[in-house]
Amino acid sequence: MNIKSSFDRLKTGLNLGSVSDAGKMPSLKMQPAFYDFAHFPEYKDFTTMEWYYDKQKYSKNQFLPHVGASDATVHLNGRTLINYSSYNYLSLANDPRVKEAAKRAIDDFGTSTGSGRSITGEVDLHQQFERELCDALGSDDAVVSVGGYSTNAFTIGYLCRSQDLILYDELVHNSALAGCKMTAARRLSFPHNDYEALDKLLTLHRDKYERVIILIEGVYSMDGDIADVPRVIEIKNRHKAFLMVDEAHSMGVIGPNGLGVTDYFGISGREIDILFGSMSKSFGTCGGYVAGPKPLIAILKNYAPGVLLYGAAPTPANTAAGLETLRIMRSQPELARRVQANAAYFITKAKEAGLNTYHSKDSGVVPVMTRDSELALWLSIQLFDAGICSYPMLYPIVPRDRSRLRFFMNTNHTQEQIDYTIACLAKNMAIAPKSKGVM
């Protein structure tokens, strides 16, 4: 391997400058915001939120430790609440089979493999998970890594260079945007699920770049809608581009067997160049994976920082838990079907009550839209006091005019819990105070 070229490749991918660049920078007048965290704008935003809670005498419902598992219910500060804020969709994080697999892995390998996978950190659990994942998805090969967010970001960050182009749906996850920012590639967004716009961008720009990667999600984590993956496959094939699908909220939930976009659309994983998934959702543990063609996986395993290179191996316990949940997903598709049924019931009842669930369909993510951030925050607190856990999605996470409460559906939610939740939402929407314009 040419060590210098590998370092130069890494430096380019991460946008590292040189020492000489510093001399070209103009002088700035020194301000507290340059050296005092208390003057950072983010901290001022935080203190404004704290002031708002205190002034309104609202219950503090954030950063509260829970006791026991986070499931369809959660135990916070001595109270049991109906829980819509856990993406443990299939309730497998507390499944005895999964816990036993994790304990067994600790007994066999300890709490850590002690190094990266390419050195002495490889255990057979990593390979078993990758093989069985490929079998479930119809992909050629896969790599499991230590974190979901980091796997998404570093895969994009490594594959794209200055001579490349990234086209991404405007609603892709922050981890994908972080990956885009690591690169020197040109980045262009297209309106959400607007495939004609995507096609036009490719027609206009494809011949000016070497690699072109399209980024979409299987299920969009804020809206709960599903990308038209077959249509994007047709577009990317016609323009000879790569397609990367983020399956964080689709794998384990959508499709007749709950196995994500390949199952939902009845396609092979081989039709998608890069399938990324996070193991912190349906898998009930931590980690991330990429599935795709063998050359891609070989490249990521051996050269991509943050996927395997320069990082520790996934822990034996997390990997064993992920492997066991994958086996349960495949043997018990009724778990995913119950999530789908609960989400459909929630949407039906919400619409009957005059609530806006936006674009959610066939997934486990259901938003309830509000007129602004203050109403979303106020509603979340009223629900919390009524024994319901659902958190507001506010700017900059979502646009200012699309604030919402987000409800993650669980395989163990009951219709009685959903009916109570809808009744509380409708009641509080009817009596909500006018916004004061402080957020």
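Number 381 in our numbering belongs to position 398 of the sequence shown; there are no gaps in the numbering. C-beta: ideal position from N, C-alpha, C; glycine also.
What does the Cβ neighbour count give for residue i, buried or exposed, with the cut at 16 atoms within 10 Å?
{"i": "Ile414", "result": "exposed"}
{"i": "Ala85", "result": "buried"}
{"i": "Lys219", "result": "buried"}
{"i": "Phe(-10)", "result": "Residue placement at Phe(-10) is poorly supported in this model, since its pLDDT is 43, which falls under 50; the coordinates still yield a value, given next. Phe(-10) comes out exposed."}
{"i": "Ile102", "result": "exposed"}
{"i": "Ala406", "result": "exposed"}
{"i": "Met13", "result": "exposed"}
{"i": "Ser69", "result": "buried"}
{"i": "Arg114", "result": "exposed"}
{"i": "Tyr141", "result": "buried"}
My output table needs one value for residue i: the three-state DSSP class, helix, strand or coil.
{"i": "Tyr272", "result": "strand"}
{"i": "Pro299", "result": "helix"}
{"i": "Phe391", "result": "strand"}
{"i": "Glu254", "result": "helix"}
{"i": "His49", "result": "strand"}
{"i": "Glu200", "result": "strand"}
{"i": "Phe17", "result": "helix"}
{"i": "Leu185", "result": "helix"}
{"i": "Gly260", "result": "strand"}
{"i": "Cys407", "result": "helix"}
{"i": "Ser69", "result": "coil"}
{"i": "Cys439", "result": "As shown, the chain starts at -16 and ends at 422. That puts residue 439 outside it, with no answer to give."}
{"i": "Arg80", "result": "helix"}
{"i": "Ser169", "result": "Rather than Ser, the amino acid found at residue 169 in this sequence is Arg. Arg169: strand per DSSP, three-state reduction."}
{"i": "Leu283", "result": "helix"}
{"i": "Pro375", "result": "strand"}
For residue i, tell me which candidate among the options has the shortest Cα-Cα distance.
{"i": "Leu108", "options": "Tyr41, Ile102, Gly97, Val127", "result": "Val127"}
{"i": "Arg354", "options": "Val57, Arg383, His22, Asp182", "result": "Arg383"}
{"i": "Ala60", "options": "Leu160, Lys40, Phe367", "result": "The sequence shown places Asn at residue 60, rather than the Ala named in the question. Closest by alpha carbon: Phe367."}
{"i": "Ser74", "options": "Phe225, Leu318, His49, Thr94", "result": "Leu318"}
{"i": "Cys163", "options": "Leu388, Leu148, Phe17", "result": "Leu148"}
{"i": "Ala426", "options": "Pro9, Met412, Gly267", "result": "Absent from the structure is residue 426, since the part of the chain shown begins at -16 and ends at 422."}
{"i": "Leu360", "options": "Tyr35, Glu25, Ala119, Lys264", "result": "Tyr35"}
{"i": "Met234", "options": "Gln111, Glu200, Arg194, Pro276", "result": "Glu200"}
{"i": "Asp229", "options": "Gly275, Glu179, Arg221", "result": "Gly275"}
{"i": "Thr397", "options": "Ala88, Gln323, Ser356, Pro379", "result": "Gln323"}
{"i": "Ser95", "options": "Gly294, Thr394, Pro379, Tyr341", "result": "Gly294"}
{"i": "Arg253", "options": "Phe225, Gly238, Asn240", "result": "Phe225"}
{"i": "Arg221", "options": "Lys191, Tyr203, Thr186, Ile250", "result": "Thr186"}
Could you tell me the boundaries of the beta strand (DSSP E) in which residue i lies?
{"i": "Ser158", "result": "Counting along the chain, Ser158 falls outside any beta strand (DSSP E), though it belongs to the alpha helix (DSSP H) covering 157 to 165."}
{"i": "Met227", "result": "225 to 229"}
{"i": "Tyr151", "result": "148 to 152"}
{"i": "Ser128", "result": "124 to 128"}
{"i": "Thr56", "result": "56 to 59"}
{"i": "Val290", "result": "Val290 -> no beta strand (DSSP E), and no H or E assigned at all."}
{"i": "Val351", "result": "348 to 352"}
Closer than 6 angstroms by C-beta to residue i: which residues in its own chain qualify, once you throw out the five before and the five after it? Chain order, please.
{"i": "Pro416", "result": "none"}
{"i": "Ser145", "result": "Ala167"}
{"i": "Met(-16)", "result": "Confidence in Met(-16) is poor, its pLDDT being 42 and thus under 50, which makes the residue's placement unreliable; the coordinate value appears in the next sentence. Counting only Cβ-Cβ distances below 6 angstroms, and skipping sequence neighbours, we find nothing."}
{"i": "Arg389", "result": "Pro350, Met376"}
{"i": "Ile(-14)", "result": "Residue placement at Ile(-14) is poorly supported in this model, since its pLDDT is 43, which falls under 50; the coordinates still yield a value, given next. Closer than 6 angstroms at Cβ, skipping near neighbours: no residue."}
{"i": "Val50", "result": "His58"}
{"i": "Pro297", "result": "Val127, Val129, Gly270"}
Tell me which residue opens and which closes the alpha helix (DSSP H) that residue i is part of.
{"i": "Asp28", "result": "24 to 39"}
{"i": "Ser356", "result": "356 to 368"}
{"i": "Ile218", "result": "212 to 222"}
{"i": "Ile330", "result": "317 to 335"}
{"i": "Val244", "result": "244 to 248"}
{"i": "Ser133", "result": "131 to 142"}
Please list, in chain order, all residues of the same chain as residue i whose beta carbon is under 8 angstroms from its beta carbon, the five residues on each side excluded.
{"i": "Thr138", "result": "Gly162, Met227, Ile257, Phe259, Val273, Leu283, Ala287, Val290"}
{"i": "Ile401", "result": "Asn325, Tyr328, Phe329, Lys332"}
{"i": "Leu171", "result": "Leu148, Ile149, Leu150, Tyr151, Leu184, His188"}
{"i": "Ala136", "result": "Ser158, Ala159, Ala161, Gly162, Met165, Gly289"}
{"i": "Ser42", "result": "Ile364, Phe367, Asp368"}
{"i": "Tyr178", "result": "Asp211, Arg214, Val215, Ile218"}
{"i": "Asn176", "result": "Asp152, Asp208, Ala210, Asp211"}
Less than 7 angstroms between C-beta atoms, sequence neighbours within five positions excluded: which residues of the same chain meet that for residue i?
{"i": "Ala16", "result": "His22, Phe23"}
{"i": "Leu116", "result": "Ala125, Tyr272, Ala274, Leu309"}
{"i": "Glu193", "result": "Gln146, Asp147"}
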